[in-house]
Structure formats: structure tokens, C-alpha cells
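Step one of this worksheet: look at the structure below.
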Amino acid sequence: MSSINQLFGPMRIAASGLSAERTRMDVIARNIANAQTTSVPGREGPYQRQVVDFAPLVERIAPGQSEIFGVRVRDVRGDDATPFEEIYDPGHPDANDKGIVLMPNVNTVREMADLITAVRAYEANLEVQTNFQQMAERSLRLAE
1 MSSINQLFGP
11 MRIAASGLSA
21 ERTRMDVIAR
31 NIANAQTTSV
41 PGREGPYQRQ
51 VVDFAPLVER
61 IAPGQSEIFG
71 VRVRDVRGDD
81 ATPFEEIYDP
91 GHPDANDKGI
101 VLMPNVNTVR
111 EMADLITAVR
121 AYEANLEVQT
131 NFQQMAERSL
141 RLAE
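Residue numbers for the sequence shown follow the working numbering, beginning at 1 and rising by one.
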């Protein structure tokens, strides 16, 4: 890896983290907004909670050697592991013939906890970038 890439490596890593966590926050906000959505246009059933999968950003530095230099969003997919909640509400427009309504598999308490984690990770990456910028400015002042 070139020396310029090594110098700005922490900035690239933090920037990739900022981008990934921003996507995660957007998905969490969408989940919270749809926590009571019992029907989705073009799809049968209620809103399905979405989750973000991350993957490492890998750069090949030599044949057979690679280096991780950040994170990226691999996929935003539906949460198939958490079942939909069933409630009895025969007057609901989306109730089946037994009066059961399928509710989204979104737990707002869990989403808020995930949101706090995502915000903290975003803030940590932002702090890395801020510290890097301050160190670079100090280095330039010393060189004068």
C-alpha cells in the first residue's frame, strides 16, 4: 500500500463507517415509521422489519495478501427470524376471516436500542475524522 494511502487510511476507514452507520440509521427510522403498517402496497402481509448486513472493505495489496480498510453495507434484507405478531381485531380492514390481523415484526424498544448503538458508532467515526483533521493541521503548522 502506498504511503499516501497509509496516511489517509484512518480517514477512509472512518468515512466508510459513517456511510454504513448512516444507512443503518435510515433503515431503523423506516422500521419505526412502519411499526403499525399492516399492509404494504405490492406485497401481501404487513411491513417486514429490515436489517442491515455489513461486510469488510478489502483491498488487495499483493498477490495472496489483502488488507481490510473499512466497512460497507452488504445488504438490506427482511428479518425472517422474527415472526409477525397476531392480534384479534375483527373490525380491522386487514383482518382475516377469523378476525386476526398480522402486525409488523417491529419492536420499537429494540429499534430504539439499535438506533442508540448506531448513533454512538456514527459519533465515534466522526470523532476519528475530527481528530485526524486536527492532527494534520498541527503537522502542517509545525512544518511552516
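Backbone N, C-alpha and C fix where the C-beta goes; we use that ideal spot for every residue, glycine too.
Cβ-Cβ distance between residue i and residue j below 7 Å
| i | j | result |
| --- | --- | --- |
| valine 52 | threonine 82 | no |
| proline 46 | proline 104 | yes |
| threonine 38 | valine 106 | no |
| phenylalanine 54 | valine 76 | no |
| phenylalanine 84 | arginine 12 | no |
| alanine 35 | threonine 108 | yes |
| isoleucine 28 | aspartate 114 | yes |
Residue i - partner residues in DSSP beta bridges
| i | result |
| --- | --- |
| glutamine 50 | Gly78 |
| alanine 55 | Arg72 |
| glutamate 67 | Glu59 |
| arginine 141 | Beta-bridge pairing links arginine 141 to no other residue. |
Nearest neighbour of residue i, chosen from the options [CA to CA]
| i | options | result |
| --- | --- | --- |
| proline 41 | Ile87, Phe54, Asp94, Gly17 | Asp94 |
| isoleucine 116 | Ala14, Ser16, Asp26, Ile13 | Asp26 |
| glycine 78 | Pro56, Arg43, Ala136, Pro63 | Arg43 |
| valine 73 | Pro56, Ala124, Glu67, Phe132 | Pro56 |
| glycine 17 | Glu144, Glu137, Leu126, Gln134 | Leu126 |
| alanine 33 | Lys98, Tyr122, Glu111, Glu85 | Glu111 |
| alanine 15 | Leu142, Val128, Val119, Ala113 | Val128 |
| glutamine 50 | Phe8, Ala124, Ala143, Asp80 | Asp80 |
| phenylalanine 8 | Phe132, Glu137, Tyr122, Val119 | Phe132 |
The ligand NAP heavy atom lying under 6 Å from the CB of residue i
| i | result |
| --- | --- |
| glutamate 85 | The ligand NAP is absent from the structure shown, which contains no ligand whatsoever. |
Those runs of the beta strand (DSSP E) which lie wholly inside the stretch 69-129 and span at least 3 residues: 85-88, 100-103, all fully within the stretch 69-129.
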